[in-house]
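Taking it in order: structure first as structure tokens, then the write-up.
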Amino acid sequence: MNNSLSSWQWSASAFIVGAVALGLVPLLWFAMNHGGGQDWHFDQSIFNVLLFTLKQAFFSTVISLALGLLTARALARREFFGKRLLLGLFAVPFALPAIVAVLGVSAVYGHNGWLGGIVNIYGLGGILLVHVFFNLPLAAKLFHETLTGIAPENFKLAEQLSFSDREIFRHVEWPHLRSALPSLFSLIFLLCAASFVVVLTLGGPAATTLEVAIYQALRMDFDVGRALALSILQIILCLILVVLSGRLVLQQQSPNQNTQVILRHDGGATLARLMDGLAIAIATAIVLPPLLVVVIAGAPNVVINETTFSALGFSLIIGSGATLLALALAWPLAQMQQAAAQSLALAGLIIPPAVMATGWFLAFKEFDTAFAVTLCAVIGLNGLMALPFSVAVLRSRYAQLGPSHHRLCEELGVLGWNRFWTIDLPFMLPAVRQAGLLAFVMSLGDLTAVTLLGSQGLMTLPALIHQQMGNYRSTAASGTALLLALSCYGLALVAQRSGRAR
Amino acid sequence: MKKLIFSLAALLPFIAPAAAKETLTIYTYESFTAEWGPGPKIKAAFEKTCDCDINWVALGDGVAVLNRLKLEGKDTKADVVLGLDTNITDEARALGLFGKHGVDVARAKVPGGWTDEEFLPFDYGHFAVIYDSEKIPNPPKSLDELVNGDPAQKIILEDPRTSTPGLGFLLWMKSIYGDKADAAWKKLRPRILTTAPGWSEAYALFTKGEAPMVFSYVTSPAYHIEVEKVTKYKAAEFSEGHYLQIEVAGLIEASKEHALAQKFLDFMLTADFQNEIPTNNWMMPAGETSVALPAAFNDLVKPAKTLLYSPAEVNKNRRAWIEEWQKAVNE
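Chains as they are written, first to last, in this note's numbering: chain A, 1 to 502; chain B, 1001 to 1331.
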């Protein structure tokens, strides 16, 4: 371990610990000074809440991962017209505010939808459908990244040994996928467990999650003590999950060093072709129609004026800032193996943003009228929320480096920043680009930080959508939603193009 | 755009605050200050009457405004708080931050009259079930008909834990059914398509045609008629009466701009303020207007009876009533 990296790791960890403390300590102090916690008992209802949370999150995750894996594998071994465009599209759902996705899905499968109620979307089915719409593309994108990161020699060797498709999967692809699987599982699981608008809108009062209970404690009852207690419950549950999944992470070797395009000749059998075709068709059928709804509903209503232009501007500023922050924190964390480092990376996902934001507000109370402070806080919270995803992408690529790489660098005496610029960064670049895209797109679509911390004047695209919908202007909102989707798609295509140019 | 450039400039650490004029800081909810909301017009009108600036601080909604006050306590930067409703004024009063508004309460025109000396209403609206008249030719004529009606005809409600109209419907049910509210909720349950977290989600699903009924305001059809020229959305008049929401403002007693805050609250009930309410906030004005209401407002349902719990009753029972609702709809 060289010095510049370890001091970087140290600073990143300290930054996150500081940010979390800045969120929790003022709240604790506030709760102690203002009473609160009048209702500390955790009754049967909290147990039911937990059970439902776990159930819907588990199924959402398993379906997203299974379909995502099949899709990624199909995409990795096939070349077809529109493949890049499809991969680009996979970046868009992540940026859509939950309600836009819900409306998109309801326009397809709802009572008045194109497919006129072939499934009942009001209930667990609908929740799963929207969660898979969000997370299947994420899983497919990250698995695809992993598969294209495998050294081409592996496939050549497999070909020489005349491996069957199944053997290629078992001996070549699976070991790499397995290293990406646990972190991806926890990420998607946590995202679904914390899902709020989707669960409430489609599930009704019977379907509630811990996040709703925390929100209720903080917002309606303003019982800071109870909100903190529930948050701690959530943090503990998440940490258990992280530690369990952390046990499954394995080191991998033989990566695709020079990011060359892998020419694969496997999957030639009819059954394999059929399966790949089916996987891509299913993924497209889940992801594309709601996006089409966004396009069709939005196209006649896109308005470029001062309001939308400045909202786009703020979104891009916040997106860029949060991306830089997420990458700067993710780089050192991705190279740390300890469970503590993994938990730190997840801070933005397991501590409810409403709790963090309230704590930060208390901490910065004196400066809150300063616009710059608000903007920095929004960027900070977005950066922390995007961090787990950036770390997951970087970590899975870094795992492909293997220990021999580090030994070689040390033997050659390539150390410090020199190694960063000449060796590590070029190798990691495709992953950095993906991690950055993910962070950017996520921050672009964020409504949480901007609603909780924002003030007059800080109007991003999702906030504008929310404001328009809150005042009968859902037609205008559909135009803004399309603008948001298009910016994400544009970013995704730019990221892919710059990837190919190298 | 100007705002964007200004904000970029504000990122520079050294900006001298140019505070030559008096500035009145008003906390309010977001849609009030939207470009299509009443905020910008009211700001312009008030600033003509004084050598001062209005600084809107817009937060999510009325509950978010109240929570901001709880967090800030005595250090609050607000001079005026605008946009709480009578469901939460009791809690707001208990903070001990508000002073007397000093305006003649007789000028406030709300159903049932007004007596509160700390909070002053600026608009009101009766809640109502809005229905698509092309899908429902015979809408329910009472809350009881809604509760006992055909389960195939669905309604979209809002969650009382996260939404003001959601709480409004819960209070409406409670005011009609009292101790038997849980039984009524169980009866109604099959008719509820879903319970959305907020009004926007519920209303968007409704206008997309997911259900023929939604819980909203008596004034909702006026928006569709005035802005979209769509007449199919109508409010159902209920014989038991309609539950009322009154939106209020108050001044912070310790404010350095106390006199200016009082001047603003006085201005609030004049025509220059009230004229902007109907077609910008889509609520009923709580004071004299100098221009006639748009035609669409004349055809709105005028509830024969108004239902309203006092702020103290709501504050005392809200938690228990929400728990009762949760149990009834979950069983």
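Every residue gets a Cβ at the ideal spot worked out from N, C-alpha and C, and that includes glycine.
* To do: Write down every uninterrupted run of the beta strand (DSSP E) in the stretch 1178-1235 of chain B whose length is 3 residues or greater and which is fully enclosed by it, in chain order.
  => The qualifying runs are 1192-1196, 1213-1217.
* Inter-residue spacing [alpha-carbon to alpha-carbon] between Leu329(A) and Ala14(A) -> Here residue 329(A) refers to the residue found at position 329 when the first sequence is read from its first residue. Here residue 14(A) refers to the residue found at position 14 when the first sequence is read from its first residue. Across the structure, Leu329(A) and Ala14(A) are spaced so that their CA atoms are roughly 10 Å apart.
* Asked: Which residues in the same chain have their Cβ closer than 7 Å to the Cβ of Leu1309(B), if we skip the five residues on either side of it in sequence?
  -> Taking the first residue of the second sequence as position 1, residue 1309(B) is located at position 309. Note on identity: in this sequence residue 1309(B) is Tyr, with Leu being the wrong assignment. Closer than 7 Å at the Cβ level, and outside the excluded window around Tyr1309(B), lie Leu1171, Ser1175.
* Asked: Which bits of chain A does Ala1196(B) rub up against, with CB to CB less than 7 Å?
  -> Start at 1 with the first residue of the second sequence, and residue 1196(B) comes out as number 196. Near Ala1196(B) (Cβ distances below 7 Å), the residues of chain A are Leu200, Thr201.
* To do: Verify whether the separation of the beta carbon atoms of Thr1279(B) and Glu1226(B) is less than 8 Å.
  => Reading the second sequence from its first residue, position 279 is the one you call residue 1279(B). Reading the second sequence from its first residue, position 226 is the one you call residue 1226(B). Yes.
* **Separation of Leu24(A) from Ile235(A), as counted between CA atoms** => For the purposes of this step, residue 235(A) is identified with residue 235 of the first sequence, where counting begins at 1. For the purposes of this step, residue 24(A) is identified with residue 24 of the first sequence, where counting begins at 1. Ile235(A) and Leu24(A): Cα-Cα distance of roughly 12 Å.
* Option nearest Gln338(A) by Cα separation, candidates Ala279(A), Phe134(A), Arg395(A) -> As a first step, residue 338(A) is located in the first sequence; it is residue number 338 there, counting from the start. Minimum Cα distance to Gln338(A) is reached at Arg395(A).
* Could you give the distance in angstroms between the alpha-carbon of Leu577(A) and the alpha-carbon of Ala463(A)? -> Chain A is shown only over 1 to 502; residue 577(A) falls outside these bounds and no answer can be derived.
* Partner residues on chain B for Gln467(A), Cβ-Cβ distance less than 8 Å -> Sequence index remark: in the first sequence, residue 467(A) carries index 467 (1-based). Gln467(A) reaches chain B at Glu1030, Ser1031, Ala1034, counting residues in chain order whose Cβ is nearer than 8 Å.
* Cβ-Cβ distance between Ala299(A) and Leu482(A) below 8 Å -> The residue labelled residue 299(A) in the question sits at position 299 within the first sequence. The residue labelled residue 482(A) in the question sits at position 482 within the first sequence. Result yes, Cβ atoms of Ala299(A) and Leu482(A) sit closer than 8 Å.
* Asked: Is the stretch 1295-1311 of chain B in contact with the stretch 1057-1070 of chain B, if contact means three or more CB pairs nearer than 8 Å?
  -> No: fewer than three Cβ pairs fall under 8 Å.
* **Contacts around Thr201(A), its chain only, beta-carbon distance under 6 Å, and the 5 residues preceding and following it disregarded** => Translated into positions along the first sequence, residue 201(A) becomes position 201. Once the five neighbours on either side are set aside, the close Cβ partners of Thr201(A) are Val102.
* Asked: Applying the criterion that 16 or more other CB atoms from any shown protein chain within 10 Å of the CB defines a buried residue, is Lys1316(B) buried or exposed?
  -> Counting from 1 along the second sequence, the entry for residue 1316(B) is found at position 316. Exposed, because fewer than 16 other Cβ atoms sit within 10 Å of the Cβ of Lys1316(B).
* To do: Return the chain-ordered ranges of every alpha helix (DSSP H) run that is complete within the stretch 1076-1152 of chain B and spans a minimum of 4 residues.
  => Qualifying alpha helix (DSSP H) stretches, in chain order: 1089-1094, 1143-1148.
* **Cβ pair count under 8 Å reaching 3, the stretch 459-478 of chain A against the stretch 1197-1204 of chain B** => Note that the stretch 459-478 of chain A touches the stretch 1197-1204 of chain B; at least 3 beta-carbon pairs, one per stretch, sit closer than 8 Å.
* **Host beta strand (DSSP E) of Thr1025(B) (start-end)** => The residue labelled residue 1025(B) in the question sits at position 25 within the second sequence. For Thr1025(B), the uninterrupted beta strand (DSSP E) run begins and ends at 1022-1029, by DSSP.
* **Interface residues of chain A facing Ile1192(B) [CB-CB closer than 8 Å]** => Here the question's residue 1192(B) lines up with position 192 in the second sequence. Chain A residues near Ile1192(B): Gly204.
* List the residues of chain A whose Cβ lies closer than 7 Å to the Cβ of Leu1308(B), in chain order. => As a working mapping, residue 1308(B) is identified with position 308 in the second sequence. Residues of chain A passing the Cβ test: none, with the nearest at roughly 20 Å.
* Residue-chain proximity (Lys1070(B), chain A), Cβ-Cβ < 8 Å -> Within the second sequence, residue 1070(B) is the residue found at index 70, counting from 1. Yes, Lys1070(B) counts as interfacial toward chain A.
* Looking at the unbroken alpha helix (DSSP H) that takes in Val92(A), where does it start and where does it end? -> In the first sequence, counting from the first residue as 1, residue 92(A) sits at position 92. That residue, Val92(A), is in no alpha helix (DSSP H); it is neither H nor E in DSSP.
* **Neighbour-count burial assignment, Ser106(A), 16 or more Cβ in a 10 Å radius** => On the first sequence, position 106 is the one that residue 106(A) refers to. Under this definition Ser106(A) is a buried residue.
* Please report the residue range of the alpha helix (DSSP H) in which Tyr398(A) lies. => For the purposes of this step, residue 398(A) is taken as residue 398 along the first sequence, with counting starting at 1. In the DSSP assignment, Tyr398(A) falls within the unbroken alpha helix (DSSP H) covering 371-399.
* To do: Would you mind working out which of Ile304(A), Gly383(A), Asp276(A), Ala297(A) sits nearest Glu79(A), comparing C-alpha positions?
  => Translated into positions along the first sequence, residue 79(A) becomes position 79. Considering only alpha carbons, the answer is Asp276(A).
* Apply the 10 Å Cβ neighbour rule to Gly1037(B) and answer buried if 16 or more other Cβ atoms are within range, or exposed otherwise. => By 1-based counting over the second sequence, the position of residue 1037(B) is 37. Residue environment: Gly1037(B) is assigned as buried (16 or more neighbouring CB atoms within 10 Å of its CB, all protein chains considered).
* To do: May I ask you to verify whether the stretch 347-360 of chain A touches the stretch 406-417 of chain A, counting CB pairs closer than 8 Å and requiring at least 3?
  => Under the 8 Å Cβ criterion, the stretch 347-360 of chain A does not count as touching the stretch 406-417 of chain A, having fewer than three qualifying pairs.
* Asked: By Cβ distance below 8 Å, which residues in the same chain neighbour Gly1060(B) in space, the five residues on each side in sequence not counted?
  -> Reading the second sequence from its first residue, position 60 is the one you call residue 1060(B). For Gly1060(B), where only same-chain residues beyond five positions count, the Cβ hits under 8 Å are Tyr1029, Glu1030.
* **Cβ of Ile99(A) within 8 Å of any chain B Cβ** => Here residue 99(A) is taken as the residue at index 99 of the first sequence, counted from 1. So yes, Ile99(A) belongs to the interface.
* Would a C-beta distance cut-off of 8 Å place Asp221(A) and Arg1319(B) closer than the cut-off? -> Translated into positions along the first sequence, residue 221(A) becomes position 221. Translated into positions along the second sequence, residue 1319(B) becomes position 319. Yes, they are a contact pair.
* the ligand ADP heavy atoms versus the CB of Leu324(A): any closer than 7 Å? -> Among the components modelled here there is no ligand, and therefore nothing to report on the ligand ADP.
* To do: With 9 Å as the limit, tell me which residues of the stretch 1075-1103 of chain B have their beta carbon closer than that to any beta carbon of chain A; keep them in chain order.
  => Answer in chain order: Asp1075, Lys1077, Glu1091.
* **Where Ala12(A) falls: helix, strand or coil (DSSP)** => On the first sequence, position 12 is the one that residue 12(A) refers to. Residue state for Ala12(A) is assigned as helix, using DSSP reduced to three classes.
* Asked: Using a Cβ-Cβ cut-off of 7 Å (strictly less than) and excluding sequence neighbours within five positions of Ile1054(B), which residues of its own chain qualify?
  -> As a working mapping, residue 1054(B) is identified with position 54 in the second sequence. When the five nearest sequence neighbours on each side are left out, the beta carbons in the same chain lying within less than 7 Å of the beta carbon of Ile1054(B) are those of Leu1024, Ile1026, Lys1043, Phe1046, Glu1047, in order along the chain.
* Asked: By DSSP, does Leu1307(B) sit in helix, in strand, or in coil?
  -> Reading the second sequence from its first residue, position 307 is the one you call residue 1307(B). Assignment of Leu1307(B) by DSSP, reduced to helix, strand and coil, places it in the strand class.
* Does DSSP put Asn1055(B) in a helix, a strand or coil? -> Position 55 of the second sequence holds residue 1055(B). Strand.
* Spatial neighbours of Ile379(A) in its chain, beta-carbon cut-off 6 Å, leaving aside the 5 residues before and after -> What you label residue 379(A) is simply residue 379 of the first sequence in a count that begins at 1. The residues are Ile318, Gly321, Ala322.
* Would you say Gly116(A) reaches chain B, if we count a Cβ-Cβ gap shorter than 8 Å as a contact? -> Numbered from its first residue, the first sequence carries residue 116(A) at position 116. Using a CB distance cut-off of 8 Å, Gly116(A) does not count as an interface residue toward chain B.
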